[in-house]
Amino acid sequence: MNDADAEHGSDITETDGAARALEYVVDPVVAVTDGSITFANEAARKAFEIGDSDRDAATALGARWNRLATAINETTVGTARRIDFEANGRNARIHRGADGATITFDRREAGADTDETDGSLNGPSDRQVKDRALEEAPVGITISDPGREDNPLVYGNEAYEEITGYEFDEIVGRNCRFLQGEDSDEDAIAEMAAAIDDERPVTVELKNYRKDGTEFWNEVTIAPVRDEDGRVTNYVGFQNDVTARKEAELALERRTEELEYILDRVEGLIQDVTAVVAGSTDRSELEAEVCTRIAEENGYQGVWIGERNPATGTIDVRSSAGADPEADSIEIDAAHPATETLASARPAVDTDDGTTRAAFPLSYNDIEYGVLTVRTDRDRAVDDRETVILSALARAVASGINARETSRVLATDAVVAVELELTDQSLAPVALSAEADCRLEYRRSVHRTGDETSSLFTATGANADDLVKAAADLSDVDCRIVVERDDGCLVELSGANDLVGWLSERGTRTQAIESEDGRARVTVEIPRSANVRSIVEAVEDRYAGTDIVSFRQRERDGETRQEFAARLEETLTDRQFGALQRAYLGGYFEWPRPTTGEELAQSMGVSRPTFHEHLRTAEAKLCRAFFGDT
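By the UniProt record's numbering, the letter at position 615 of the sequence shown is numbered 615, and the numbering carries on one by one without gaps.
Shown next, in the form of structure tokens:
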């Protein structure tokens, strides 16, 4: 200890007193480095029967050492960990340092009662070992003297100096509160004071301040030291710099609080936007209400929805709420999150003069419907969690737009007819026309069970057996013969890649498919108000080798119910019309039938076979008018 004494400028009695004070700590204390015991106080020597030569921790501490050693390795330097030995009632607290650990055992559970045989280290060399152990302990150790005014420190080891930045001479003679500052926890300070008044051990965590003024989190354990008569002569303190662990805990708490705030804030927003998506009658109304609802939420200056305009090379604002958008349109190559989002189909965020701008793609089933852009209040960022939530809202809005556009394709007369040529072999009509060397012409789609859809085609150039065999040789193509005639077959085709169903989900009606020699000419109708370019690009991306043949704007031929009925009536003879009318009004199509064919025939004054002939012919003409010439 001579070097330490010279460095600290103190006489040896101070260090000897600190060692003696630690000897009398009522809790067993053991310092361990690399599996060797470098220090054990009297309570530990008695509890674990540690003798002069017992330096191996595994031997001295027995079966509990395996668990302690594992815990020491798993404990981060500068932190502490409590170990509960439930099996034998021996609990411990590990204070992890850079070069080892100090282990404090609970006194009441420390070990079996033993005779007070002298296992102490009494010789001068042994006292030097203990002194050196104190100085080299991996955690800060202090000793205070409650017999002096204000319970000043009388000792601090090197680890304590390193943690606090204070030299030994600056520590001794001062109460340990000199490390406290304005942000030190008053409750923790009061808890320590109460424990000292009650002469009992205590462990607290509080913010302390180094000599240079920097903050650090200090885990402090204080225990009373008693003499042979049970009077408290000193207090020993163990200090661990737990800043890294505490800051991680506080960061986790902050993130949890922020997440709870975001979830609370957006819960109502999600419900409102979902209601808007479900209840709006058209796309413009949906977009306007979504913008209004988001803009009403705290934290957002403004919201707008824009759409790409290929003719002008800009993103045009369709709807907005809150603060006005930067402009009515943005150049597609401008530096803006909205342009980045449309280019990448992913959210984009940037900050402009302290204001965060975030853009989210409005896309559904690979169809681009535009971009949703928000501007936040000054100095408020949009983090990853909020990005996920707003992205989900954008997907819900895009789904709603898709539903409006899909329903509009059935109602609108203003359409764009797009003719495409496809050669992708994943399409059933393309693959089958090549394999069977036939011509296929699309009639209509039919539903089987659930959501499965197949399409009806007329096939010429191959008989039924050839078609079934060719389909069997193809993967993912199912061909069922519906009707076989001399001039061709009516077949039902389905496959893993359903073009008609896929287009229908995107608000597009398939008008015609003609496939021959592995090439299909497809004509589709898209509402003029829809994003025609985006739909066509989606087809090109999905089906390799797609060529655009033509674009034509046209009006659908509309027909009222009355016009349809009049057209059908013109094709029926009086007898056919009368048979159909009597059968319908007489309940002949119901089950059980309230009337018979014989009775209806008598009402017309014809025989039953003649009545059925007229009825069947009328039914055929009705089906032909409704389904087309199939």
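Backbone N, C-alpha and C define an ideal beta-carbon position, used for all residues, glycine too.
Bear in mind that the values here come from a model prediction, so they are computed numbers and not experimental data.
| Query | Result |
| --- | --- |
| Which residues mark the beginning and the end of the alpha helix (DSSP H) in which L61 is found? | 57 to 61 |
| Which residues in the same chain have their Cβ closer than 6 Å to the Cβ of A428, if we skip the five residues on either side of it in sequence? | V477, L493, G495 |
| When the Cα of A44 is compared with those of A57, S53, V30, which residue comes out closest? | V30 |
| Quick one: give me the first and last residue of the alpha helix (DSSP H) that R45 is part of. | 42 to 48 |
| Note down, in chain order, each residue of its chain lying with its Cβ closer than 6 Å to the Cβ of P124, except the 5 sequence neighbours on either side. | Unreliable positioning characterises P124 in this predicted model, as indicated by a pLDDT of 43, which lies under 50. A coordinate reading is not provided. |
| According to DSSP, is Q425 part of a helix, a strand, or is it coil? | coil |
| In the DSSP output, what is T281 paired with across the bridge? | In the DSSP output, where bridge partners are listed per residue, T281 has none listed. |
| Would you list the residues sitting across from F216 in a DSSP beta bridge? | N208 |
| Between R554 and the rest of its own chain, which residues show a CB-CB distance below 7 Å, the 5 nearest in sequence each way excluded? | V415, A417 |
| Please name the residue in G370, S426, F457, T595 whose C-alpha comes closest to that of R444. | F457 |
| For E182, is the classification buried or exposed, using 16 other Cβ atoms within 10 angstroms of its Cβ as the cut-off for buried? | exposed |
| Ends of the beta strand (DSSP E) at residue 632? | Here the chain has residues from 1 to 630 only, and residue 632 is not among them. |
| Please confirm whether A438 and E516 have their CB atoms less than 9 Å apart. | The residue asked about is misnamed: residue 438 is Cys in this sequence, not Ala. Closer than 9 Å, so yes. |
| Taking 9 Å as the cut-off, decide whether the C-beta atoms of I535 and G507 are in contact. | yes |
| Report yes if the C-beta distance between residue 631 and D366 is below 9 Å; otherwise report no. | No information on residue 631 is available, as it lies outside the stretch 1 to 630 that the chain covers here. |
| Compute the Euclidean distance between the alpha carbons of D377 and S504, then round it to the nearest angstrom. | 41 Å |
| Using C-beta distances below 7 Å, list every residue in its chain close to G313, excluding the 5 sequence neighbours before and after it, in chain order. | E331, I332 |
| Would DSSP call F589 helix, strand or coil? | coil |
| DSSP on C438, reduced to helix/strand/coil? | coil |
| What would DSSP say about L393, mapped onto helix, strand or coil? | helix |
| Give me the Cα-Cα distance between D212 and R200, rounded to the nearest whole angstrom. | 32 Å |
| Please state the DSSP three-state secondary structure of I332. | coil |
| Enumerate, from N- to C-terminal direction, the unbroken alpha helix (DSSP H) stretches of 4 or more residues contained entirely within the segment 572 to 617. | 574 to 585, 597 to 604 |
| CB-CB under 6 Å to T292, same chain, minus the five flanking residues each way: which ones, in chain order? | A321 |
| Provide the residue span of the alpha helix (DSSP H) that contains L372, from first to last. | Per DSSP, L372 belongs to no alpha helix (DSSP H); it is in the beta strand (DSSP E), 367 to 376. |
| By the DSSP assignment, the alpha helix (DSSP H) with A159 in it spans what residues? | 158 to 164 |
| Pairing CB atoms from the segment 567 to 579 with CB atoms from the segment 456 to 472, are three or more of them under 8 Å? | no |
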